[in-house]
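Chemist:
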């Protein structure tokens, strides 16, 4: 077990180091995230000109929602990730299969390292800028901060397994970009990144909550802003865990199915 843990930590270190090698990209990303944060915050605040609350959020909660969302954008990284698909296309996946650690486990460790880098260097700076210009509010209880951090890790795991599912399509087709784009559109809408799910009409909100996507964005933000509190936090975390397990099993089954197809065809 200790050896496996060391392997996981090493993959996380490599994931962190891969993105830390490009500080220029981080600076550009901070600027872009901040600009879009201002745009989204002003648009949402316009909804509060004639009312005090919308969808259960007051103006302060709404702008906090925006800036936490901007901080999580690259951390949870719902679209644009094709690492496994590229390795399938190039044949490098064959090398991964003979290593002592399962390719998905290695990729998850790598992705957690990537997420750690992005929350620190692409997430916190725009959030601090948002705090300087908008009535952003922070959790006042240590327990809420802990719950938020746990929820954030679970959000990354749920997002990872979702991304694996559109990547392993590469076992059956040479180009997964169409699948990735479709998944990204659905995830953008139903995760609560664009607007909180509670802003949706009841029928659309019900559909969104029946998917794993709110567990990627909406849940950690709701815990942070206090839209979910008390015992409801436990329920929210359990839901995230359930989706992580369900998508993890689906990703592992689909990946192994693709590997069997590859082996049968002599790949």
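In my numbering, the protein residues as written are 15 to 281. C-beta atoms are modelled at their ideal positions from N, C-alpha and C, and glycine is treated no differently. It should be emphasised that the depicted structure is a prediction, and the values quoted were computed from it without experimental measurement.
Could you tell me the distance, in whole angstroms, from the CA atom of residue 31 to the CA atom of residue 144?
Modeler: Each residue's alpha carbon lies about 27 Å from the other.
Chemist: Is the beta carbon of residue 81 less than 7 Å from the beta carbon of residue 162?
Modeler: No, these two residues do not count as a Cβ contact at 7 Å.
Chemist: Residue 72 by DSSP, collapsed to three states: which one?
Modeler: In the structure shown, residue 72 sits in a strand (DSSP, three-state: E or B).
Chemist: Counting pairs of beta carbons, one from the stretch 159 to 175 and one from the stretch 120 to 140, are three or more of them closer than 8 Å?
Modeler: Yes, they touch.
Chemist: Helix, strand or coil for residue 78 per DSSP?
Modeler: The answer is helix: DSSP assigns residue 78 an H, G or I state.
Chemist: If we require 4 or more residues per run, which alpha helix (DSSP H) segments fall completely within the stretch 65 to 149?
Modeler: For the stretch 65 to 149, whole alpha helix (DSSP H) runs of length 4 or above, ordered along the chain, are 73 to 90, 97 to 104, 107 to 111, 117 to 132, 138 to 147.
Chemist: Flag this pair as touching only if the stretch 51 to 66 and the stretch 96 to 115 have three or more C-beta atom pairs under 8 Å; answer yes or no.
Modeler: The stretch 51 to 66, when compared against the stretch 96 to 115, does not touch it at the 8 Å Cβ threshold.
Chemist: Of the residues 242, 241, 206, which one's Cα is nearest the Cα of residue 225?
Modeler: Residue 225 has its Cα closest to that of 206, out of 242, 241, 206.
Chemist: Less than 8 Å between the CB atoms is what I'm expecting for residue 96 and residue 181, so what's the real figure, rounded?
Modeler: Yes, they are in contact, since the Cβ atoms of residue 96 and residue 181 sit about 6 Å apart, within 8 Å.
Chemist: Would you call the stretch 248 to 257 and the stretch 152 to 159 in contact, with 3 or more CB pairs under 8 Å?
Modeler: Counting Cβ pairs under 8 Å, fewer than three are found: no touch.
Chemist: So the candidates are 259, 84, 123, 90; which of them puts its Cα closest to the Cα of residue 53?
Modeler: Among 259, 84, 123, 90, the Cα nearest to that of residue 53 is on 84.
Chemist: For the stretch 260 to 279 against the stretch 233 to 242, are there 3 or more C-beta pairs whose distance is under 8 Å?
Modeler: Contact fails: fewer than three Cβ-Cβ distances are below 8 Å.
Chemist: Are there 16 or more other CB atoms within 10 angstroms of the CB of residue 152, so buried, or fewer, so exposed?
Modeler: Per the 10 Å Cβ criterion, exposed.
Chemist: Can you tell me the Cβ-Cβ gap for residue 40 and residue 135, rounded? I've got them flagged as a contact below 8 Å.
Modeler: Residue 40 to residue 135, Cβ: 5 Å. Contact.
Chemist: For residue 218, name the three-state secondary structure that DSSP assigns.
Modeler: DSSP places residue 218 in helix when its eight states are reduced to three.
Chemist: To the nearest angstrom, report how far apart residue 111 and residue 193 are at their CA atoms.
Modeler: Roughly 24 Å between the two C-alpha positions.
Chemist: Under 7 Å between the Cβ atoms of residue 243 and residue 70?
Modeler: Their beta carbons are not under 7 Å apart, which means residue 243 does not touch residue 70 by this criterion.
Chemist: Could you check how far apart the C-beta atoms of residue 76 and residue 87 are, in whole angstroms? I think they sit under 8 Å.
Modeler: The pair is not a contact, with the Cβ atoms about 17 Å apart (cut-off 8 Å).
Chemist: Taking all protein chains shown into account, decide if residue 49 is buried (16 or more other Cβ within 10 angstroms of its Cβ) or exposed.
Modeler: Answer is exposed; the Cβ neighbour count stays below 16.
Chemist: Where in the stretch 164 to 251 do unbroken runs of the beta strand (DSSP E), each at least 3 residues long, occur, reported from the N-terminal end onward?
Modeler: List check, beta strand (DSSP E) in window: nothing returned.
Chemist: For residue 232 and residue 122, I'd like the C-alpha separation in whole angstroms.
Modeler: About 22 Å.
Chemist: Would residue 38 be called buried (16 or more neighbouring beta carbons within 10 Å of its own) or exposed?
Modeler: So residue 38 ends up on the exposed side.
Chemist: With C-beta atoms as the reference, is residue 257 less than 7 Å away from residue 172?
Modeler: Cβ atoms of residue 257 and residue 172: closer than 7 Å.
Chemist: Go ahead and label residue 216 buried or exposed: buried means 16 or more other beta carbons lie within 10 angstroms of its beta carbon, across all protein chains shown.
Modeler: Per the 10 Å Cβ criterion, exposed.
Chemist: Considering only C-alpha positions, which residue in the set 43, 99, 198 is nearest to residue 133?
Modeler: If we check each option's Cα against that of residue 133, 43 comes out closest.
Chemist: What are the boundary residues of the alpha helix (DSSP H) that includes residue 152?
Modeler: Element bounds for residue 152: n/a, residue is neither H nor E.
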